[in-house]
Amino acid sequence: MSAWTAAMEQLEAASRVAKVPRDVLARLREPERTIEVRVPVRMDNGTIRLFHGYRVQHSNARGPYKGGIRFHPNVDMDEVRALAFWMTMKCAVAGIPFGGAKGGVTVDPKTLSVGELERLSRAYVRALGSNIGPHVDVPAPDVNTNPQIMAWMVEEWRKMQNAECKMQNVDEWRAAFTGKPIAMGGSRGREQATGFGGIVVLREVLRAIGKKLGVPTRGATVVIQGFGNVGYWAARAAADAGFRVIGLSDSRGGIVVSERRGGVHPLPRAGMKPAPTRGDESLNPALVFDCKKENGMLAGCYCVGTVCDATPRHGRVSNEQLLTTPCDVLIPAALEGVITGPIARRIRAKFVLELANGPTTPEGEAALRKRGIPVVPDVLANSGGVTTSYFEWFQNIRGERWSEEVVLAKLARLLQKQTREILALATRKRCTFRDAAFALALERLVASMRA
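When the count follows this note's numbering, it moves up by one through the sequence shown with no breaks and lands on 551 for the last residue.
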């Protein structure tokens with residue numbers, strides 16, 4: 101099933117809960133604008149290479165379009181359309197005055213030099229032209245993009261506006277992109293916002309239903325698939341909040357805390373009885389991060405307490421094994437579509453917190469529902485990133501600078517409020533958390549479209 105088809109299934113399910121008017125549903129079933137561009141880039145060897153770029157602007161009913169830009173070899177129009185739709189839902193769930201968009205380039209950025217990456221970033225912005233801007237469409241980092249790439253992009257956009265004398269406010273250019281370096285108008289707290297926000301949501305969910313699920317509010321075991329920006333900061337925030345991080349992975353594999361007589365060992369193959377989890381050990385995310393930087397891969401960075409042991413016998417697993425590790429909370433924090441039906445039937449977590457965009461397929465969610473494993477949806481769980489992007493945009497527009505403490509405190513209050521509202525709606529409507537989150541978003545979108 102394609103990502104777009106999965107997104108539309110979610111929309112249909114939620115529309116039955118929220119009783120959405122047909123004309124509003126019709127508007128949400130199609131993006132308002134799809135942009136496909138060819139991006140020519142001069143490579144280091146002097147040749148010109150053409151890249152395929154995309155930007156989908158799904159809805160601006162609640163404000164300017166908002167959504168990230170990803171550089172990945174699997175980027176295509178279907179994926180970007182789905183991600184733009186989810187951004188519309190996410191911004192409405194978060195209660196911020198943005199619509200939904202998404203963009204990307206079909207490229208493996210790991211194969212490019214720094215110079216080629218910069219030229220690609222700038223050329224992509226030139227190709228989009230007037231389709232982006234502080235009051236039109238505000239991009240941000242996503243998979244394989246970062247503050248440095250946003251810096252190149254916003255500089256290029258500023259050059260374009262200066263050339264055409266379009267900027268009325270001399271500092272308005274800073275608000276054209278979010279996720280920028282602090283020195284260029286980025287917001288303090290933005291780097292950790294998505295991961296930090298996910299753990300805020302997790303703690304709020306556990307306060308409400310942790311006892312029912314048999315998951316403690318402190319000391320619960322957490323497994324995180326994905327160790328990019330989101331996964332790393334989620335692991336840091338989870339450890340700081342008193343959770344035990346017992347599994348981490350990146351695209352090349354992972355590590356888990358497990359034991360048997362004679363020492364730590366990898367998880368057994370499918371069908372074998374798992375070894376008991378240690379009662380007190382937890383991975384140290386900061387040390388794992390440093391070890392990965394030094395060694396180039398995570399699978400082997402077995403860091404517990406203040407010591408790392410990279411010997412091969414220590415807890416190395418595949419991503420599939422990691423997803424089926426026994427734990428209290430499973431957090432997919434990488435790419436979409438990883439929790440399929442077959443994987444969902446083997447998951448041994450008590451509930452799933454989605455920090456990636458669209459990590460659970462409809463078949464996977466149906467299998468989890470049948471097994472009584474709740475899913476806290478991405479449109480709530482990872483909305484800390486876009487919420488803090490709104491804070492950054494707001495600061496740029498108003499010429500303000502907030503401290504990290506102020507940003508994270510504002511973020512925590514908003515996420516706690518939205519989480520409580522969605523949990524209450526799910527209880528009242530007797531529906532899943534995803535249907536409740538989408539229903540809340542749809543109610544807000546209907547109000548905006550009818551205003």
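Ideal placement from N, C-alpha and C gives every residue a C-beta, glycine not left out.
- The way I'd put it, the segment 327-343 does touch the segment 289-298; three or more beta-carbon pairs between them come closer than 8 Å.
- Between the segment 443-456 and the segment 338-350, the count of C-beta pairs closer than 8 Å stays below three; the two stretches do not touch.
- Assignment of Ser-418 by DSSP, reduced to helix, strand and coil, places it in the coil class.
- When beta bridges are read from the DSSP output, Thr-321 appears opposite Arg-344.
- Straight through space, the alpha carbons of Ala-161 and Pro-426 are spaced by roughly 42 Å.
- The Cβ atoms of Arg-127 and Val-156 do not sit closer than 8 Å to each other.
- Scanning Phe-198, Asp-380 and Ile-439 for the CA closest to the CA of Ala-467 turns up Ile-439.
- Under DSSP, Pro-432 shares a beta bridge with Gln-325.
- In the structure shown, Ile-169 adopts extended strand secondary structure according to DSSP, grouped into three states.
- Sixteen is the threshold: since fewer than 16 other Cβ atoms of the shown chains lie within 10 Å of the Cβ of Ala-551, the residue is exposed.
- A contact between stretches requires three or more CB pairs, one per stretch, nearer than 8 Å, and the segment 169-176 meets this requirement with the segment 197-207.
- In terms of Cα proximity to Asn-419, the closest of Phe-185, Ala-433, Arg-290 and Arg-501 is Ala-433.
- Look at Ile-282 here: in three-state DSSP terms it is helix.
- Residue pairing for Gln-157: DSSP places it in a beta bridge opposite Arg-133 and Ala-201.
- Non-local beta-carbon contacts of Ala-223 in its own chain, meaning distances under 6 Å to residues more than five positions away in sequence, involve Val-139 and Val-141 in chain order.
- DSSP places Thr-487 within a helical segment (H, G or I) once states are collapsed to three.
- The Cβ neighbour count for Asn-384, taken over all protein chains shown within 10 Å, is at least 16; the residue is labelled buried.
- At least 8 Å separates the beta-carbon of Val-315 from that of Leu-348.
- Pairing Ser-287 with Gln-495 gives a Cβ-Cβ distance under 8 Å.
- Proximity of the segment 307-326 to the segment 278-287 falls short of the contact definition, fewer than three beta-carbon pairs being nearer than 8 Å.
- Taking Glu-381 as reference, the option from Trp-493, Leu-455 and Tyr-402 with the minimal CA-CA separation is Tyr-402.
- Out of Trp-186, Trp-493, Glu-505 and Glu-255, the CA that lies nearest to the CA of Leu-542 is found in Trp-186.
- Looking at the backbone, the Cα of Arg-307 and that of Asn-246 are separated by about 34 Å.
- With contacts defined by Cβ atoms closer than 8 Å, Ser-483 and Lys-190 form a contacting pair.
- Straight across, the Cα-Cα distance linking Arg-129 with Asp-390 is about 44 Å.
- Between the alpha carbons of Val-356 and Val-506 lies a gap of roughly 35 Å.
- Looking at Leu-423, Ala-240, Arg-258 and Gln-110, the one whose alpha-carbon comes closest to that of Asp-350 is Leu-423.
- CA-to-CA, the gap between Leu-150 and Glu-179 works out to about 20 Å.
- For Gly-441, the uninterrupted alpha helix (DSSP H) run begins and ends at 441-444, by DSSP.
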